[in-house]
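Comments concern the structure below.
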Amino acid sequence: MLELEARAEPSRLMSCLSPLLAVALMLAGGLLVFSALGKDPGEGFRVFFLNPIKDLYGISELLLKATPLMLCAIGLAIGFRANIWNIGAEGQFMLGAVAATGIALHFDASDGALLLPAMVVAGALGGAAWAAIPALLRTRFNANEILVSLMLVYVAQLFVSWLVFGPWMDPDGFNFPQTRMFGDAALLPALLDGTRLHLGFALAITVLVAGHAFMNRSHAGFRMRVAGQAPDAARYAGFSAARTVWTGLLLGGAAAGLAGMAEVAGPMGQLTDKVGSGYGFAAIIVAFVGRLNAFGIFLASLLMALLYIGGEQAQQYLNLPSSISMVFQGMLLFFLLGADVLINYRLRLRRRAG
Amino acid sequence: MDADLFTSMLFATVVAGTPLIITALGLLVSEKAGVLNLGAEGMMAMGAVAAFAATHHSGAPLLGVLAGMGAGMAMALLFGVLTLTLMANQVAAGLALAIFGVGLAAFVGKPYEAIALQAVPPIRIPFIADLPLVGEALYNQQALVYFSWALFWAVLWFLHRSRAGLVLRAVGESPASAHAIGYPVIRIRYLAVLFGGAMAGIGGAFLSVFYTPMWAEGMVAGRGWIALALVVFATWRPLRVVVGAYLFGGVMITQLFIQGSGLQIDFPSQLLSSLPYWATIVVLVAISRNAGAIRLNSPMSLGKPYRPDA
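Chains as they are written, first to last, in this note's numbering: chain A, 705 to 1058; chain D, 5 to 314.
Printed below as a string of structure tokens:
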């Protein structure tokens, strides 16, 4: 029978291979799902995974979708490495969007070149401010950051819907829950003509590189890694546990807030009550599948973006609910967590005695 | 406050607290065995949609509850395989279960949106339901409300009066010692996790079949997470879980009554609706600031994987 046998030390090779194994298992699982739903698996595969990237426009849409995912995920990864479980990126994303929208609406008449930078700063600060609540409650009162940050997602969603149904509602919007469209000066310029891909993508890549440098090249990043891998060593070395919590949550919140800003100033062009759309939760999967490192997160965010767009295609061409994306995303994370057992253990075939 | 209003608010509070009690007591048992399952939201969502579908097709709410229970257990089994057999990180696997369960529920529930079920009539307990003020509120209730009370007594008895409960707690406090004495740690943890899943499934079933007899994406609305917070709030004691659940029920219902009362107060309904979530945060802070009490009461091995040396 098959048995697990502990390895002397964790396998680096398996740690890289396990995401690939998880992707392969997810694709196999996907074929099964399509057949179970009575669809031709080949056709399903083509619509879901190949159609979205068959031309340049498709690829630009993929990068557009990946932008908020990689932003949120790199911020989360910094915290996750230190065992700071911020799972409220969805709420921080929304508050970043709200703060940026506030600037855009208040300086509506302005066409100054400073408007966009101000929105970027506001977005990051908005997200960080929302993440500061769990950070404060964790460091000051020992309250679990998982539950607090998660509760604040629901609060943020209700706050956004109050704004767009109330004070910020577009007076000429036929009572739709949305703000006015932003002026041109408040919109991120397109990177490629004829596509929706905007400057936010370049911003996301910059943040990825900065996140990589922070995690691997800075002393603060080193302290965070030690705190995560060997809490006792961190305490012994005198690294402040409170500072680790604050850094992890504030950076995660700021990155998620930036993503929210890039969403309202990018493809949406306004704030609506649908601004959340689950990027903050999907980013948790991206961070894990990307092995909490910048390059991995880049690849994982492309894959997750593909799953999002594939879901939309499946809705359009296969008549399946678009929430099939979430099923695939969940499967991916499950398979990854399962495959990760091979990092610390090897499979061994052992004959039963007798 | 007039008597009728008191009775109807008490009635609604009990109803709102019930899914929290059922789910949180299940989570409490699995946490007592040392397993932290953050996937409650996903298990409740799957329980809700499975119960709705089964009730819709069969017309029998009891079958619905069983289906919800089964769905919750299936999700818990997935979690168990990952964390107990494959020793995955419990926090990560729990988050995965929450995300996956909510997504899968949205996916399989699509065809059931915009269908309403027939409301299930309450069960009236003779004589005591005629008590003034509280009779109608407490003893003319849904079957699952009575179930939640029975569950409370059962869990209390099991954990603190039965031998099996003692073993379960030993597994949660010190799996290595329990293993050394010869108890099957992993099997006991599986059973505890499955029990947690079953209860979360029933909690979800209560929402979609009894509370608001319909299915809508996102209808669990964070109750799985609130149930998790309740267990911490209760410092792993069943009685405090019940008290806490009714407190939350009270907060939810008060804000609904204020919104529905037509009182001319100038406060936006969305912000009122966020009250239960703020309340969760406030009680979490109030209880957690006493770090010693949490450390003393939480099962020692909570969240830590254990693998017996063969």
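C-beta atoms are modelled at their ideal positions from N, C-alpha and C, and glycine is treated no differently. A quick note: this is a predicted structure, and the numbers were derived from the prediction, not measured.
Asked                                                                                                                : Found
Cβ contact check for the stretch 144-154 of chain D and the stretch 229-240 of chain D: 3 or more pairs under 8 Å    : no
CB contact below 9 Å: Q274 of chain D versus chain A                                                                 : yes
Any chain D beta carbon closer than 9 Å to G1058 of chain A                                                          : Because G1058 of chain A sits at a pLDDT of 44, beneath the cut-off of 50, its placement in the model cannot be relied upon, and the following sentence gives the value as read from the coordinates. Cβ-Cβ to chain D under 9 Å: no for G1058 of chain A.
Where A133 of chain D meets chain A, residues with beta-carbon distance less than 7 Å                                : Simply none; closest approach about 36 Å.
CB contact check: I988 of chain A to chain D, cutoff 9 Å                                                             : yes
Interface positions of the stretch 1039-1058 of chain A facing chain D (Cβ-Cβ less than 7 Å), listed along the chain : L1041, G1042, D1044, V1045
Counted within 10 angstroms of its Cβ, other Cβ atoms place R921 of chain A as buried (16 or more) or exposed        : exposed
M91 of chain D at chain A interface by Cβ criterion, 9 Å                                                             : yes
Chain A contact for I230 of chain D (CB, 9 Å cutoff)                                                                 : yes
Min CB distance R844 of chain A to chain D below 9 Å                                                                 : yes
C-beta atoms of M73 of chain D and A202 of chain D nearer than 9 Å                                                   : yes
C-alpha distance - G1058 of chain A paired with E709 of chain A, whole-angstrom precision                            : With a pLDDT of only 44 at G1058 of chain A, under 50, the local geometry of the prediction cannot be trusted, and no value is derived from it.
Partners in chain D for V859 of chain A, counting only beta-carbon separations shorter than 7 Å                      : S278, Y281, W282
9 Å Cβ cutoff, L198 of chain D in contact with chain A                                                               : no
Near-chain A residues of the stretch 241-262 of chain D - C-beta to any C-beta below 8 Å                             : none
Simplified DSSP state of G1058 of chain A, which is helix, strand or coil                                            : Residue placement at G1058 of chain A is poorly supported in this model, since its pLDDT is 44, which falls under 50; the coordinates are not used for a value here.
Pairwise C-alpha distance: A1018 of chain A and F111 of chain D                                                      : 12 Å
Whole-Å CB distance - I763 of chain A paired with G952 of chain A, under 8 Å assumed                                 : Wrong, their Cβ atoms sit about 33 Å apart, outside the cutoff.
Boundaries (first-last residue) of the alpha helix (DSSP H) holding E1016 of chain A                                 : 998-1021
Where the alpha helix (DSSP H) through A890 of chain A begins and ends                                               : Careful: A890 of chain A lies outside any alpha helix (DSSP H) and carries neither H nor E.
Pair within 9 Å by beta-carbon distance, A102 of chain D and G43 of chain D                                          : yes
First and last residue of the uninterrupted alpha helix (DSSP H) at Y983 of chain A                                  : 983-993
Y143 of chain D in three-state terms, based on DSSP                                                                  : helix
Close beta carbons around L955 of chain A, own chain, < 6 Å, minus the five adjacent residues each side              : G779, I782
Inter-residue Cα distance where the pair is T1126 of chain A and M1008 of chain A                                    : Nothing in the structure corresponds to residue 1126 of chain A, since chain A is present only between 705 and 1058.
Uninterrupted alpha helix (DSSP H) stretches inside the stretch 47-133 of chain D (no shorter than 4 residues)       : 65-84, 94-113
Rounded Cβ spacing between V247 of chain D and A283 of chain D (contact assumed at less than 8 Å)                    : Wrong, their Cβ atoms sit about 14 Å apart, outside the cutoff.
Under 8 Å by beta carbon: chain D residues contacting F985 of chain A                                                : I103
Minimum Cβ-Cβ distance from E221 of chain D to chain A less than 9 Å                                                 : yes
Proximity test, Cβ basis, 9 Å: F880 of chain A and chain D                                                           : no
Cα-Cα separation between R311 of chain D and F83 of chain D, rounded to whole angstroms                              : 16 Å
CA nearest to the CA of I988 of chain A, picked from A:G973, A:M1030, A:W950, A:F918                                 : A:M1030
Pairwise C-alpha distance: G827 of chain A and D815 of chain A                                                       : 19 Å
Beta-carbon neighbours of V289 of chain D, restricted to chain A and to distances below 9 Å                          : L841, R844, F845, N846, A847, V852
Proximity of V911 of chain A and M823 of chain A at Cβ, strictly below 9 Å                                           : no
Cβ contact check for the stretch 957-970 of chain A and the stretch 801-819 of chain A: 3 or more pairs under 8 Å    : yes
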